[in-house]
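**Q** Can you keep this structure in mind? I'll have questions shortly.
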Amino acid sequence: MQIQYFGEIAEITSSTSEEVTLKELTLEELKSYLVTKYKMQLEDIRIAVNHEVITDTSNIDLKETDKVAVLSPFAGG
Amino acid sequence: MDRYIRQIALPQVGTDGQHKLQNARVLVVGAGGLGNAVLPYLASSGIGHIGIIDGDIVSLSNLHRQVLFAETDIGQPKAEVAHKKLSAQFPETEIEAYNTFLAEDNALGLFAEYDMIVDATDSIEIRYLINDACVLSNKPFVHASVYRFQFQVAVFNVHNSGTYRCLYPNPPKTVQNCAEAGVMPTTVALAGLFQCNEVLKYFLNIGELLTNEVLLFDVLQNQEERFKYQPKEDAFITEAFFSETYQEVEMKPFTETESSGLFLDVRLPSEQPQMSMENYLQLPLSELEKSGLHEAKERPIYVFCQTGKRSKQAYRVLKQQKFEQVFCLIENAPEINKLISTDL
Numbered sequence: 002m003q004i005q006y007f008g009e010i011a012e013i014t015s016s017t018s019e020e021v022t023l024k025e026l027t028l029e030e031l032k033s034y035l036v037t038k039y040k041m042q043l044e045d046i047r048i049a050v051n052h053e054v055i056t057d058t059s060n061i062d063l064k065e066t067d068k069v070a071v072l073s074p075f076a077g078g
Numbered sequence: 024m025d026r027y028i029r030q031i032a033l034p035q036v037g038t039d040g041q042h043k044l045q046n047a048r049v050l051v052v053g054a055g056g057l058g059n060a061v062l063p064y065l066a067s068s069g070i071g072h073i074g075i076i077d078g079d080i081v082s083l084s085n086l087h088r089q090v091l092f093a094e095t096d097i098g099q100p101k102a103e104v105a106h107k108k109l110s111a112q113f114p115e116t117e118i119e120a121y122n123t124f125l126a127e128d129n130a131l132g133l134f135a136e137y138d139m140i141v142d143a144t145d146s147i148e149i150r151y152l153i154n155d156a157c158v159l160s161n162k163p164f165v166h167a168s169v170y171r172f173q174f175q176v177a178v179f180n181v182h183n184s185g186t187y188r189c190l191y192p193n194p195p196k197t198v199q200n201c202a203e204a205g206v207m208p209t210t211v212a213l214a215g216l217f218q219c220n221e222v223l224k225y226f227l228n229i230g231e232l233l234t235n236e237v238l239l240f241d242v243l244q245n246q247e248e249r250f251k252y253q254p255k256e257d258a259f260i261t262e263a264f265f266s267e268t269y270q271e272v273e274m275k276p277f278t279e280t281e282s283s284g285l286f287l288d289v290r291l292p293s294e295q296p297q298m299s300m301e302n303y304l305q306l307p308l309s310e311l312e313k314s315g316l317h318e319a320k321e322r323p324i325y326v327f328c329q330t331g332k333r334s335k336q337a338y339r340v341l342k343q344q345k346f347e348q349v350f351c352l353i354e355n356a357p358e359i360n361k362l363i364s365t366d367l
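Written out as structure tokens, the structure reads:
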């Protein structure tokens with residue numbers, strides 16, 4: 002699935018998007034991918050699936066065709 | 024009215040719309056990059072009353088993006104210089120300058136005098152302060168923030184729409200501001216103009232406001248993305264929550280503590296290093312929040328944790344419990360441990 006990164010998150014991942022293959026296709030697996038590979042702090046980021054920010058903490062199923070985005074607050078102004 | 028004839032000609036504006044703008048009162052928090060883009064267009068479109076709050080002074084590195092300021096303004100208060108420039112150009116607009124920073128003690132009073140707030144700051148803490156003060160005073164606010172070549176814009180708290188905390192519940196641990204990250208003047212100006220455009224739409228009641236969604240724009244790719252989020256219950260943002268969250272924490276270095284005071288460690292017992300010192304008490308933050316501290320109220324209490332985050336939270340809990348002398352230690356467990364061991 003495609004993951005887009007914005008702001009400082011894209012600096013951490015060194016890319017604005019990447020194609021990732023997940024085995025179980027769940028939100029938990031995606032989170033653990035972000036934590037393991039990029040050491041992201043989950044409480045500092047928001048994950049959007051198909052342009053909807055996920056606020057529910059429960060695990061959800063994802064689809065290979067889902068568009069995922071990782072957002073975080075910007076400070077500048 | 025002749026001044027606005029070109030926009031009155033729009034069926035979405037008209038004379039009625041122009042009157043709405045004329046009666047509108049907008050407070051712009053921050054006269055930096057965003058403020059310098061928002062302010063001239065708020066005034067030029069005929070917003071009748073504009074407040075500018077900023078306690079900062081103009082410096083040379085501001086000039087490339089803060090175009091209301093000239094080199095001769097360096098060292099002058101931003102709010103006052105902006106006031107002067109805008110008043111000269113738009114004499115019909117009533118402008119008020121507040122040469123101070125927005126803070127816990129002035130936010131609610133100030134917001135009460137305006138219909139809408141523009142978040143044009145470069146500080147994450149102040150964004151949360153603006154959000155919470157807007158929720159308490161029931162004012163809508165337009166947010167923008169910039170990271171290098173990208174910006175976010177959103178409108179919060181319009182007739183119970185979502186707030187900044189629905190999008191980003193808690194302040195993140197580390198984020199960079201413009202000074203650290205770098206920014207082009209055009210990026211921040213575009214963000215400010217999007218903000219100003221939302222302000223005008225709000226008062227004219229036209230188009231779709233960016234409520235319950237955030238717009239993310241990348242100026243390098245000219246790519247726009249919009250993300251929806253769910254509005255959440257904001258009843259927890261009360262006046263008590265507000266004063267606890269934003270009251271200033273009193274800090275003290277370990278070397279200035281009285282040995283008769285109580286050294287309160289709010290970490291979990293499993294955390295390293297373990298402390299060996301006199302007048303020491305370990306009470307994890309969660310227990311303190313649940314059961315409080317049962318100690319003499321007059322004795323100085325020095326709070327610390329591992330990094331200084333939990334100790335600030337504990338400070339607020341203790342203040343709420345009416346402890347008189349509470350201080351957060353500048354040093355935390357690892358540093359204090361070193362200081363004690365070098366003493367021995």
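So the sequences go chain by chain: A and B. Residue 2 is where the first sequence starts when you use this note's numbering, and the numbers rise one by one after that. Residue 24 is where the second sequence starts when you use this note's numbering, and the numbers rise one by one after that. No residue lacks a Cβ here, since even glycine has one placed at the ideal position from N, Cα and C.
1. Determine which residues share a DSSP beta bridge with B:Ser-168 and list them.
2. What are the complete alpha helix (DSSP H) segments, minimum 4 residues, inside the region 284-324 of chain B?
3. Could you name the residues of chain A that B:Lys-251 contacts, counting a contact when the two beta carbons are closer than 9 angstroms?
4. Under 8 angstroms between the Cβ atoms of B:Phe-174 and B:Pro-163?
5. Any Cβ of chain A within less than 8 angstroms of the Cβ of B:Leu-57?
6. Compare the beta carbon distance of B:Leu-131 and B:Ser-160 with 8 angstroms and say whether it is the shorter of the two.
7. Let me know the secondary structure DSSP gives B:Gln-41 once reduced to three states.
8. Could you tell me which chain B residues have their CB closer than 9 angstroms to the CB of A:Ser-73, listed as they occur along the chain?
9. If you follow the alpha helix (DSSP H) that B:Arg-150 is part of, which residue opens it and which one closes it?
10. Touch check for the region 87-96 of chain B and the region 245-252 of chain B: three-plus C-beta pairs under 8 angstroms?
11. DSSP puts B:Pro-276 in a beta bridge; with which residues?
12. Buried or exposed for B:Tyr-170, going by 16 or more other Cβ atoms inside 10 Å?
13. Is it the case that the Cβ atoms of B:Phe-350 and B:Tyr-325 are separated by a distance below 8 angstroms?
14. Note down the Cα distance separating B:Cys-157 from B:Ile-140, rounded to an integer number of angstroms.
15. Using a Cβ-Cβ cut-off of 8 angstroms, state whether B:Asp-145 counts as contacting chain A.
16. Can you find a CB in chain B that lies within less than 8 angstroms of the CB of A:Asp-45?
17. Expressed to the nearest angstrom, what Euclidean distance is found between the alpha-carbon atoms of B:Glu-117 and B:Gln-30?
18. Looking at C-beta atoms only, is the number of pairs between the region 115-129 of chain B and the region 67-83 of chain B that lie closer than 8 angstroms three or more?
19. Listed in chain order, which residues of the region 225-258 of chain B have Cβ atoms closer than 9 angstroms to some Cβ of chain A?
20. Going along chain C in order, which residues have a C-beta closer than 8 angstroms to the C-beta of B:Val-211?
21. So, at 7 angstroms on beta carbons, what are the nonlocal neighbours of B:Glu-271 in its own chain, with the 5 sequence-adjacent residues on each side left out?
22. Give me the Cα-Cα distance between B:Thr-268 and A:Ile-46, rounded to the nearest whole angstrom.
23. Using a Cβ-Cβ cut-off of less than 8 angstroms, give me the residues of the region 111-136 of chain B that come near chain A, in sequence order.
24. Across which residues does DSSP place B:Glu-119 in a beta bridge pair?
25. Could you tell me the alpha carbon to alpha carbon distance between A:Gln-42 and B:Pro-195, rounded to whole angstroms?
26. Does the Cβ of B:Glu-301 have 16 or more other Cβ atoms within 10 Å, making it buried, or fewer, making it exposed?
27. Using only alpha-carbon positions, find the residue among B:Ser-309, B:Cys-189, B:His-182, B:Glu-148 that is nearest to B:Ser-334.
28. Determine which residues share a DSSP beta bridge with B:Asp-142 and list them.
29. If you pair each beta-carbon of the region 58-67 of chain A with each one of the region 32-45 of chain B, do three or more pairs fall below 8 angstroms?
30. When we look at the beta-carbon of B:Gln-295 and count the other beta-carbons within 10 Å, is it buried (16 or more) or exposed?
31. Our contact map puts A:Lys-38 next to A:Glu-30 with C-beta atoms below 8 angstroms; I'd like the distance itself, whole angstroms only.
32. Can you check DSSP and say which residues form a bridge with A:Tyr-6?
33. Could you give the distance in angstroms between the alpha-carbon of B:Asn-154 and the alpha-carbon of B:Ser-364?
34. Give me the Cα-Cα distance between B:Asp-79 and B:Ala-126, rounded to the nearest whole angstrom.
35. Assuming B:Ala-111 is part of the alpha helix (DSSP H), what are its boundary residues?
**A** Taking the coordinates as given:
1. In DSSP, B:Ser-168 forms a bridge with B:Gln-175.
2. The qualifying runs are 308-314.
3. Ordered by position in chain A, the residues that pass the 9 angstroms Cβ test against B:Lys-251 are Ala-49, His-52, Glu-53, Val-54.
4. In this structure, B:Pro-163 does not lie closer than 8 angstroms to B:Phe-174 by Cβ.
5. Put simply, the CB of B:Leu-57 is near chain A, with a gap under 8 angstroms to one of its CB atoms.
6. Closer than 8 angstroms, so yes.
7. Helix, per DSSP.
8. Scanning chain B for C-beta atoms nearer than 9 angstroms to the C-beta of A:Ser-73 yields Tyr-170, Tyr-191, Pro-195, Val-198, reported in chain order.
9. Counting along the chain, the alpha helix (DSSP H) containing B:Arg-150 begins and ends at 147-160.
10. Segments in contact, no.
11. DSSP lists no beta-bridge partner residue for B:Pro-276.
12. B:Tyr-170 comes out buried.
13. Yes, these two residues count as a Cβ contact at 8 angstroms.
14. One C-alpha to the other measures close to 8 angstroms.
15. Under the 8 angstroms criterion on CB atoms, B:Asp-145 is classed as interfacial with respect to chain A.
16. By the rule that beta-carbons nearer than 8 angstroms mark a contact, A:Asp-45 touches chain B.
17. Spanning the two alpha carbons is a distance of roughly 20 angstroms.
18. The region 115-129 of chain B, when compared against the region 67-83 of chain B, does touch it at the 8 angstroms Cβ threshold.
19. From the region 225-258 of chain B, only Glu-236, Val-237, Leu-239, Asp-241, Gln-244, Glu-248, Arg-249, Phe-250, Lys-251, Tyr-252, Gln-253, Lys-255 have a Cβ closer than 9 angstroms to chain A.
20. Structure shown: chain C not included; protein chains present are A and B.
21. So no residue of the chain qualifies.
22. The straight-line gap from Cα to Cα measures roughly 21 angstroms.
23. Nothing from the region 111-136 of chain B brings a Cβ to less than 8 angstroms from some Cβ of chain A.
24. Looking at the DSSP assignment, B:Glu-119 forms a beta bridge with B:Gly-74.
25. So the alpha carbons of these two residues sit roughly 9 angstroms apart.
26. Looking at its Cβ environment, which holds fewer than 16 other Cβ atoms inside 10 Å, B:Glu-301 is exposed.
27. Its Cα nearest to that of B:Ser-334, the residue B:Ser-309 stands out among B:Ser-309, B:Cys-189, B:His-182, B:Glu-148.
28. Partner(s): B:Val-52, B:His-166.
29. Contact between the region 58-67 of chain A and the region 32-45 of chain B is absent, because fewer than three Cβ pairs lie under 8 angstroms.
30. Its Cβ having fewer than 16 others within 10 Å, B:Gln-295 is exposed.
31. With a Cβ gap of about 12 angstroms, A:Lys-38 and A:Glu-30 do not count as contacting.
32. In the DSSP assignment, A:Tyr-6 is bridged to A:Val-71.
33. Answer to the nearest angstrom: the Cα atoms are 44 angstroms apart.
34. Annotation: B:Asp-79 to B:Ala-126 spans about 13 angstroms, alpha carbon to alpha carbon.
35. DSSP places B:Ala-111 inside the alpha helix (DSSP H), whose first and last residues are 101-112.
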